[in-house]
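Trainee: The following block contains the structure, expressed as structure tokens.
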Amino acid sequence: MRRLTIIIMAVLFILSGQYGSAKNIMLKIPVRVYKGKEYLKELKSENFELYINKVKRNIKNIIPGERSLIEIKGPRSFVFSFNLTDYGKNITKGISYFVDDILRKTDNLIIWTPVKIYRIKTNQDKALIISDIEKIVKKDSFLYKKIKYAARDKLISIVKKYLNFTKISRDTNPGSDNIIKFLTAYGREWNNYKTKYLVPDMEKYYGIVNLLTYKFKGEKYFINFQQRETLPSLKKYEQAKKQINDYLSNIAGTSESARSSSISVTMKRIDKSLLLSDNFDPALLNSPLRGANISYNVILFHSFRQEGENSDSISPDYEGILREISHSTGGVSINTSDIEKGLELISNKKDHFYNLIFSFDGKKGKKEIKIGVSDKSAEIFYKKKFFKEEIENLIKISGSPSVKISEVLIKGRKLNFDISQFAFKENKDKHGILKVDINISDKDNKTVFKKGNTLRAAKDRIKISLNIKQGITGFYKLRIIVKDMIGNRETSYDKYIELK
Numbered sequence: 001m002r003r004l005t006i007i008i009m010a011v012l013f014i015l016s017g018q019y020g021s022a023k024n025i026m027l028k029i030p031v032r033v034y035k036g037k038e039y040l041k042e043l044k045s046e047n048f049e050l051y052i053n054k055v056k057r058n059i060k061n062i063i064p065g066e067r068s069l070i071e072i073k074g075p076r077s078f079v080f081s082f083n084l085t086d087y088g089k090n091i092t093k094g095i096s097y098f099v100d101d102i103l104r105k106t107d108n109l110i111i112w113t114p115v116k117i118y119r120i121k122t123n124q125d126k127a128l129i130i131s132d133i134e135k136i137v138k139k140d141s142f143l144y145k146k147i148k149y150a151a152r153d154k155l156i157s158i159v160k161k162y163l164n165f166t167k168i169s170r171d172t173n174p175g176s177d178n179i180i181k182f183l184t185a186y187g188r189e190w191n192n193y194k195t196k197y198l199v200p201d202m203e204k205y206y207g208i209v210n211l212l213t214y215k216f217k218g219e220k221y222f223i224n225f226q227q228r229e230t231l232p233s234l235k236k237y238e239q240a241k242k243q244i245n246d247y248l249s250n251i252a253g254t255s256e257s258a259r260s261s262s263i264s265v266t267m268k269r270i271d272k273s274l275l276l277s278d279n280f281d282p283a284l285l286n287s288p289l290r291g292a293n294i295s296y297n298v299i300l301f302h303s304f305r306q307e308g309e310n311s312d313s314i315s316p317d318y319e320g321i322l323r324e325i326s327h328s329t330g331g332v333s334i335n336t337s338d339i340e341k342g343l344e345l346i347s348n349k350k351d352h353f354y355n356l357i358f359s360f361d362g363k364k365g366k367k368e369i370k371i372g373v374s375d376k377s378a379e380i381f382y383k384k385k386f387f388k389e390e391i392e393n394l395i396k397i398s399g400s401p402s403v404k405i406s407e408v409l410i411k412g413r414k415l416n417f418d419i420s421q422f423a424f425k426e427n428k429d430k431h432g433i434l435k436v437d438i439n440i441s442d443k444d445n446k447t448v449f450k451k452g453n454t455l456r457a458a459k460d461r462i463k464i465s466l467n468i469k470q471g472i473t474g475f476y477k478l479r480i481i482v483k484d485m486i487g488n489r490e491t492s493y494d495k496y497i498e499l500k
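So in my numbering, spot 382 of the sequence shown is number 382, and the numbers just go up one at a time.
And the structure:
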């Protein structure tokens with residue numbers, strides 16, 4: 001009998017209710033269930049047990065659902081993370097395929113390079129979007145390669161210096177002091193290199209996930225373009241390590257053997273640091289993705305400068321972490337240098353899940369989640385902890401209505417509309433703060449009228465009225481964007497209008 005694999009994405013989303021009231025608020029936990037590679041259908045609520053802070057909770061309902069990137073009708077949000085030093089034609093081909101065949105004007109797109117984070121305008125001409133992304137990734141990958149290779153050369157230099165010294169001193173011996181000095185320098189430089197170039201920048205990582213979670217609507221997809229590289233200094237270090245082990249064998253039983261323990265301990269510490277999984281907790285990457293129900297996908301590929309697909313990977317354990325994350329979030333992990341093919345597989349992948357529905361207990365403190373299934377051999381993945389701030393944010397986001405734009409009318413050359421359902425700053429001087437942007441563009445998407453302002457609102461509903469400049473006649477597209485600065489929410493309104 002094949003092993004039953006159950007992948008559970010635990011996330012607290014509000015279905016109904018108002019912020020500040022614990023009554024009638026229902027929460028849901030998305031659950032993914034697989035047997036081998038096959039999704040299991042027709043599971044019932046009695047197949048699961050849910051505990052929150054060690055208290056068993058009643059599952060009110062279970063709602064099956066599915067999604068695939070290309071079939072989602074509403075807005076989607078994408079993060080493209082480019083971890084590469086060599087930009088090849090395969091990258092351009094993949095970007096062109098994504099923009100031409102997948103990206104929509106209503107989507108959000110963030111490009112994350114090792115140098116900077118960019119928000120891409122998706123409502124412009126597709127050729128411009130492709131060109132913008134290509135320029136960004138090319139420029140940043142070149143800069144990243146320059147600084148990364150300089151750091152890599154430092155590592156190589158330290159090892160080479162030691163190996164050259166041992167050649168000269170072979171008749172005597174390198175000496176314990178020189179070995180300790182070498183190992184200390186190499187260990188320090190390796191940890192510096194690893195922190196800067198091999199593991200994600202967690203501050204930026206959490207910032208991006210929070211942006212997707214609390215500011216962007218619709219389904220979210222994280223796609224990591226991970227270039228697999230070799231690091232010559234690691235092979236050089238293995239040569240040095242062999243020489244050191246030979247030296248330790250030769251001094252056994254001599255007056256110098258007292259230093260061998262210190263040398264062995266230092267070498268073991270470096271060996272441990274070479275395994276990224278021993279130094280980097282996968283939960284730090286996994287937890288926020290599961291909590292926000294973000295589908296994580298990874299395309300592992302070789303640099304076009306490397307020979308063959310069998311080039312050694314610097315961090316097979318790290319790649320294992322990335323595969324585990326994609327598996328547990330309903331994503332895809334692919335080893336291919338054909339970026340277009342990888343994106344096509346990601347876009348067509350069916351993500352099946354259930355939503356376990358239960359009632360909120362009214363307590364906004366820390367939540368520890370434990371989920372069990374009737375099949376005790378099942379493998380279960382889920383977000384195990386939600387902190388107080390996460391609970392409060394989720395309740396606030398879903399419990400309060402989105403800012404609303406209504407009663408949009410054009411009278412002559414005057415534009416009128418109402419704004420309501422925004423948050424208020426609760427103090428002696430109760431007020432809301434709204435950032436309003438109005439844009440009118442022609443059929444070529446060229447802006448012909450633009451107006452923006454930040455308003456202080458003392459009432460629950462405000463009316464906006466402004467004149468559109470003379471000289472603009474014909475059919476145009478009107479776009480109104482209102483951001484609720486206190487509620488941290490944004491909404492937009494689009495309409496085709498005729499100006500006479």
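For each residue, glycine too, the CB sits at the ideal point set by N, CA and C. Everything numeric in this text was worked out from a predicted model, so none of it was measured.
Alpha carbons only, please: which of Lys145, Val199, Leu499, Arg104 is nearest the one belonging to Glu319?
Mentor: By one-based count along the sequence shown, residue 319 stands at place 319. Here the closest residue by C-alpha is Val199.
Trainee: Threshold first: 3 residues or longer. Then list the beta strand (DSSP E) segments lying entirely within the segment 114 to 170, N to C.
Mentor: 117 to 120
Trainee: With a Cβ-Cβ cutoff of 9 Å, do Ile294 and Leu415 count as a contact?
Mentor: Numbered from its first residue, the sequence shown carries residue 294 at position 294. Numbered from its first residue, the sequence shown carries residue 415 at position 415. Taking 9 Å as the Cβ cut-off, Ile294 and Leu415 do not qualify as a contacting pair.
Trainee: Find out if the Cβ-Cβ distance for the pair Arg290, Ser333 is shorter than 9 Å.
Mentor: Stepping through the sequence shown from its first residue, residue 290 is reached at position 290. Stepping through the sequence shown from its first residue, residue 333 is reached at position 333. In this structure, Ser333 does not lie closer than 9 Å to Arg290 by Cβ.
Trainee: Taking only three categories from DSSP, how would you classify Ser313?
Mentor: One-based indexing of the sequence shown puts residue 313 at position 313. Note on Ser313: pLDDT 48, under 50, position unreliable in the model; the coordinate value appears next. In the structure shown, Ser313 adopts coil according to DSSP, grouped into three states.
Trainee: Can you tell me whether DSSP reads Leu50 as helix, strand or coil?
Mentor: The sequence position of residue 50 within the sequence shown is 50, counting from 1. The answer is strand: DSSP assigns Leu50 an E or B state.
Trainee: Glu490 to Ile405, Cα distance in whole Å?
Mentor: Reading the sequence shown from its first residue, position 490 is the one you call residue 490. Reading the sequence shown from its first residue, position 405 is the one you call residue 405. Going from the Cα of Glu490 to the Cα of Ile405 covers about 11 Å.
Trainee: Pick out whichever of Gly187, Pro282, Phe48, Ser233 has its Cα sitting closest to the Cα of Arg323.
Mentor: To locate residue 323, count along the sequence shown from 1; it is residue 323. Minimum Cα-Cα distance from Arg323 among the listed residues Gly187, Pro282, Phe48, Ser233 corresponds to Pro282.
Trainee: Distance, Cα to Cα, Lys495 vs Phe78?
Mentor: Numbered from its first residue, the sequence shown carries residue 495 at position 495. Numbered from its first residue, the sequence shown carries residue 78 at position 78. Here the alpha carbons of Phe78 and Lys495 stand approximately 25 Å from one another.
Trainee: Give me the Cα-Cα distance between Glu390 and Glu368, rounded to the nearest whole angstrom.
Mentor: As a working note, residue 390 is residue 390 in the sequence shown. As a working note, residue 368 is residue 368 in the sequence shown. Glu390 and Glu368: Cα-Cα distance of roughly 12 Å.
Trainee: Between which residues of its own chain and Arg76 is the CB-CB distance below 6 Å, once the five residues before and five after are set aside?
Mentor: Translated into the one-based positions of the sequence shown, residue 76 becomes position 76. Here the set comprises Asp107, Gly218, Glu219.
Trainee: From which residue to which residue does the alpha helix (DSSP H) around Arg290 run?
Mentor: Numbered from its first residue, the sequence shown carries residue 290 at position 290. Per DSSP, Arg290 belongs to the alpha helix (DSSP H) from 282 to 292.
Trainee: Provide the residue span of the alpha helix (DSSP H) that contains Gly94, from first to last.
Mentor: Taking the sequence shown and counting its residues from 1, the one referred to as residue 94 is at position 94. First-last of the alpha helix (DSSP H) with Gly94: 89 to 101.
Trainee: From Ile29 to Lys383, what distance separates their C-alpha atoms?
Mentor: As a working mapping, residue 29 is identified with position 29 in the sequence shown. As a working mapping, residue 383 is identified with position 383 in the sequence shown. Approximately 10 Å, taken between the alpha carbons.
Trainee: Roughly how many whole angstroms lie between the Cα atoms of Asn250 and Phe142?
Mentor: For this step, residue 250 is matched to residue 250 along the sequence shown. For this step, residue 142 is matched to residue 142 along the sequence shown. Spanning the two alpha carbons is a distance of roughly 47 Å.
Trainee: What is the rounded straight-line gap between the Cα of Ser64 and the Cα of Val403?
Mentor: Translated into positions along the sequence shown, residue 64 becomes position 64. Translated into positions along the sequence shown, residue 403 becomes position 403. For clarity, residue 64 is Pro in the given sequence; the question names Ser instead. Each residue's alpha carbon lies about 30 Å from the other.
Trainee: Output the distance between the C-alpha atoms of Tyr476 and Lys105, rounded to the nearest integer angstrom.
Mentor: Translated into the one-based positions of the sequence shown, residue 476 becomes position 476. Translated into the one-based positions of the sequence shown, residue 105 becomes position 105. Rounded to whole angstroms, Tyr476 to Lys105 spans 17 Å at the Cα level.
Trainee: With DSSP collapsed to three states, give me the class of Asn250.
Mentor: Taking the sequence shown and counting its residues from 1, the one referred to as residue 250 is at position 250. The answer is helix: DSSP assigns Asn250 an H, G or I state.
Trainee: Looking only at C-alpha atoms, which of Tyr186, Ala150, Phe216 sits nearest to Lys160?
Mentor: The residue given as residue 160 occupies position 160 in the sequence shown. Measuring from the Cα of Lys160, the nearest candidate turns out to be Tyr186.
Trainee: First and last residue of the beta strand (DSSP E) that includes Glu219?
Mentor: Position 219 of the sequence shown, counting from 1, holds the residue named residue 219. Membership of Glu219 in the beta strand (DSSP E) is indicated by the continuous run 219 to 228.
Trainee: Gly362 to Leu27, Cα distance in whole Å?
Mentor: As a position in the sequence shown, residue 362 is number 362, starting the count at 1. As a position in the sequence shown, residue 27 is number 27, starting the count at 1. CA-to-CA, the gap between Gly362 and Leu27 works out to about 11 Å.
Trainee: Within its chain, find whatever has a CB closer than 8 Å to the CB of Thr184; leave out the 5 residues flanking it on each side and keep chain order.
Mentor: Residue numbering aside, residue 184 sits at position 184 when the sequence shown is read from its first letter. Only Thr266 meet the Cβ criterion.
Trainee: Figure out for me which residue from Ala378, Phe449, Ile223, Asp484 has the closest Cα to the Cα of Gly36.
Mentor: What you label residue 36 is simply residue 36 of the sequence shown in a count that begins at 1. The candidate whose alpha carbon is nearest that of Gly36 is Ala378.
Trainee: Can you tell me the Cα-Cα spacing of Leu275 and Lys41, whole angstroms?
Mentor: In the sequence shown, the residue the question calls residue 275 occupies position 275. In the sequence shown, the residue the question calls residue 41 occupies position 41. Those two C-alpha atoms are separated by around 39 Å.
Trainee: At the level of alpha carbons, what is the spacing between Val115 and Leu50?
Mentor: As a position in the sequence shown, residue 115 is number 115, starting the count at 1. As a position in the sequence shown, residue 50 is number 50, starting the count at 1. Roughly 42 Å separates the two Cα atoms.
Trainee: Quick check: what's the CA-CA separation for Ile530 versus Gly330?
Mentor: For the chain, the structure presents residues 1 to 500; residue 530 sits outside this window and is missing.
Trainee: Is it buried or exposed for Arg269, if we count other Cβ within 10 angstroms and need 16 for buried?
Mentor: Working through the sequence shown from its first residue, we reach residue 269 at position 269. Exposed, because fewer than 16 other Cβ atoms sit within 10 Å of the Cβ of Arg269.
Trainee: Are the segment 81 to 98 and the segment 230 to 245 in contact at 8 Å, needing three or more beta carbon pairs?
Mentor: Between the segment 81 to 98 and the segment 230 to 245 there are fewer than three inter-stretch CB-CB distances shorter than 8 Å, so the stretches are not counted as touching.
Trainee: Rounded to the nearest angstrom, what separates Lys350 and Glu38 at their Cα positions?
Mentor: Translated into positions along the sequence shown, residue 350 becomes position 350. Translated into positions along the sequence shown, residue 38 becomes position 38. Whole-angstrom Cα-Cα distance: 11 Å.
Trainee: Quick check: the segment 452 to 464 against the segment 429 to 440, are there 3 or more CB pairs under 8 Å?
Mentor: yes
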